[in-house]
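Report on one structure; see the data block that follows.
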Amino acid sequence: MTEGNRRTDRREDLLAAAGRRFVAVGIRKTTMEDIAREAKAGKATLYRHFRNKDAVIDDLLEREGERFTRALEQGAAGRETASDRIEGAFLAGVRFFVDHPILTKGRDEEPGILLPRITEGGGPLVRRGLALFTELIAEGVASGELRRVDPAVAAEVVVRLILSYFAFPPMQLRVDDPEEAAAFARALVAGALRA
Numbered sequence: 000m001t002e003g004n005r006r007t008d009r010r011e012d013l014l015a016a017a018g019r020r021f022v023a024v025g026i027r028k029t030t031m032e033d034i035a036r037e038a039k040a041g042k043a044t045l046y047r048h049f050r051n052k053d054a055v056i057d058d059l060l061e062r063e064g065e066r067f068t069r070a071l072e073q074g075a076a077g078r079e080t081a082s083d084r085i086e087g088a089f090l091a092g093v094r095f096f097v098d099h100p101i102l103t104k105g106r107d108e109e110p111g112i113l114l115p116r117i118t119e120g121g122g123p124l125v126r127r128g129l130a131l132f133t134e135l136i137a138e139g140v141a142s143g144e145l146r147r148v149d150p151a152v153a154a155e156v157v158v159r160l161i162l163s164y165f166a167f168p169p170m171q172l173r174v175d176d177p178e179e180a181a182a183f184a185r186a187l188v189a190g191a192l193r194a
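So in numbering that gives the first Met the number 0, the last one in the sequence shown is 194, and the numbering has no gaps at all.
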């Protein structure tokens, strides 16, 4: 294993430890010392990777942005049409946020810390979602399956809708019911995007 790989693995261990602490006691109550202890690392090791807790939070959200992208890609994978890929990615995006322990704990108990980082200014989750949905919608427009829309604008609407399920948990739509959620996603894509 190279030094770079060890450093990456150690950084990932530290982020995982931070995530566990954030879920267990909350972001505000978690100290850098708590994260180091959870990771079975020294404080100096933690500070070599992150200058402060804000840097830990930012990097944790960047990591979750990568996971969000993978979830969207998996939701779209193996589906035949652009509409189907968009529906699958949409459902995967909603499930990602609704089921995510760190994000939901932050939303429910400390909304002033995570919500602005996620929803304002194109944070990593938003940027990555926009990129993927822009690509999927552009493919559908190019094939004639979807109406002629600006893919970037349509992608922003889709990502904002996904984020709304995170910021305001579903009241009527049962996202844990795969059939109901899929029917909603189909209606959304059909009504808004299909040619």
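All residues carry an ideal CB built from backbone N, CA and C; glycine is no exception. Fair warning: this is a prediction, and the values are worked out from it, not measured in the lab.
Have a look at the options and flag the residue whose alpha-carbon is nearest the alpha-carbon of residue i.
| i | options | result |
| --- | --- | --- |
| Ala166 | Thr68, His99, Asp149 | His99 |
| Glu11 | Glu37, Val24, Gly25 | Glu37 |
| Leu162 | Gly122, Ala23, Val22, Gly74 | Gly122 |
| Glu155 | Leu114, Phe95, Ala191 | Ala191 |
| Arg193 | Asp83, Pro177, Arg62, Ala180 | Asp83 |
| Phe96 | Lys42, Ile117, Ala23 | Ile117 |
| Thr29 | Gly77, Arg9, Ile101, Arg47 | Ile101 |
| Ala187 | Ile85, Val55, Gly77, Gly41 | Looking at the sequence provided, one finds Leu at residue 187 rather than Ala. The shortest Cα separation from Leu187 among Ile85, Val55, Gly77, Gly41 belongs to Ile85. |
| Leu114 | Gly77, Asp57, Leu13 | Asp57 |
| Pro168 | Leu135, Ala137, Thr44, Thr103 | Thr103 |
| Gly92 | Arg78, Glu79, Phe67 | Phe67 |
Does the beta-carbon distance from residue i to residue j come in below 8 Å?
| i | j | result |
| --- | --- | --- |
| Ala184 | Leu124 | no |
| Arg50 | Asp33 | no |
| Leu59 | Gly18 | yes |
| Ala81 | Gly139 | yes |
| Val157 | Phe132 | yes |
| Phe174 | Arg106 | Note that residue 174 is Val in the sequence shown here, rather than Phe. Cβ distance not < 8 Å, so Val174 and Arg106 don't count as in contact. |
| Ala181 | Leu172 | no |
| Arg27 | Glu119 | no |
| Arg69 | Leu14 | no |
For residue i, report the span of its alpha helix (DSSP H) as first-last.
| i | result |
| --- | --- |
| Thr30 | Unbroken run through Thr30: none, as it is neither H nor E. |
| Gly64 | 52-75 |
| Ala153 | 150-166 |
| Gly92 | 81-98 |
| Leu113 | 110-118 |
| Lys42 | 42-48 |
Per DSSP, which residues does residue i bridge with? Please list them.
| i | result |
| --- | --- |
| Arg193 | Leu145 |
Output needed for residue i: all residues of its chain with C-beta closer than 6 Å, excluding positions within five of it in sequence on either side, in chain order.
| i | result |
| --- | --- |
| Ala88 | Leu71, Gly74, Ala75 |
| Val55 | Ala17, Phe49 |
| Gly128 | Val158 |
Please list, in chain order, all residues of the same chain as residue i whose beta carbon is under 8 Å from its beta carbon, the five residues on each side excluded.
| i | result |
| --- | --- |
| Val148 | Ile136, Val140, Leu192 |
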